[in-house]
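**Q** Residue numbers for the sequence shown follow this note's numbering, so the first one is 2 and each next one is one higher. Sharing a structure, written as structure tokens. Questions coming.
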Amino acid sequence: WHTYGTTLAGLMREHDLDPGPYLHDVHEISFDALVPDPELTAQIKALPGRRIVYTNGTARYAERVIAARGLGGLFHAVYGVENAGFLPKPERAAFDAVFALDALDPSCAVMFEDDPRNLIAPHEMGMGTVHVAPIAAPADHIHFHTDDLGTFLKRITG
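Following this line, the structure appears as structure tokens:
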């Protein structure tokens, strides 16, 4: 994980692992602990512009999480590691691949991310960056930190 960005990337590079069965197995979990968050839903819905999700998991996994949190219908697109040719964040080529699929202009976008390493490339591409985590990790490539995404978004959307 530390060397390759994800466990999957390490297994693929070191052991020639087929990502399909691996991702299927690790993502077949219960989402019973996840509950809808109407306040977060309202804040995301109020954001201007195109909203996309990009995860080091699969798009299907992300869509299941989105549904479990009551966030269905809020995102214009959902991209997973498969959309980047199984290259993970934080690799710049992974961001290039996904952003090209979406015709995303980084100078008009903000990346929200829980892993500070995954904000380096977006920052270098001209995106705004927000680190979403309980503990801040101050760095030049992190423009904002929040431990409460809903409250942070409410300050933006009013």
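All C-beta atoms in this analysis are idealised placements derived from N, C-alpha and C, irrespective of residue type, glycine included.
In the DSSP assignment, find the alpha helix (DSSP H) that holds V99 and state where it starts and stops.
**A** Taken as a continuous stretch (DSSP letters only), the alpha helix (DSSP H) holding V99 covers R93 to D103.
**Q** Got a sec? Which residues, its chain only, sit under 8 Å from Y23 by beta carbon, not counting five neighbours each side?
**A** L9 and L12
**Q** What number of angstroms, rounded off, separates the C-alpha of G21 from the C-alpha of E40?
**A** 35 Å
**Q** With DSSP as the reference, label T42 as helix, strand or coil.
**A** T42: helix per DSSP, three-state reduction.
**Q** Answer with buried or exposed for K90, where buried requires no fewer than 16 other C-beta atoms within 10 angstroms of its C-beta.
**A** buried
**Q** State the DSSP-derived secondary structure class of G129, mapped to helix, strand or coil.
**A** strand
**Q** Tell me the residue span of the alpha helix (DSSP H) that contains A68.
**A** Under the DSSP assignment, A68 falls in the alpha helix (DSSP H) whose first and last residues are A60 to A69.
**Q** Write down the C-beta distance between V133 and D115 rounded to the nearest angstrom, noting that I regard them as a contact closer than 8 Å.
**A** 5 Å
**Q** Could you tell me how far apart the beta carbons of A104 and V79 are, in whole angstroms, since I believe they sit closer than 8 Å?
**A** In fact, because the Cβ distance is near 16 Å, the residues do not count as touching under 8 Å.
**Q** Under 8 Å, do A47 and T158 count as touching if we go by C-beta distance?
**A** yes
**Q** Span of the beta strand (DSSP E) holding I157?
**A** Element bounds for I157: not the beta strand (DSSP E) but the alpha helix (DSSP H), L150 to T158.
**Q** Do you know whose CA, among D148, A138, P135 and G74, lies nearest I45's CA?
**A** G74
**Q** Taking only three categories from DSSP, how would you classify V27?
**A** helix
**Q** In the DSSP assignment, find the beta strand (DSSP E) that holds I53 and state where it starts and stops.
**A** I53 to Y55
**Q** Give the DSSP bridge partners of A78, in chain order.
**A** I53
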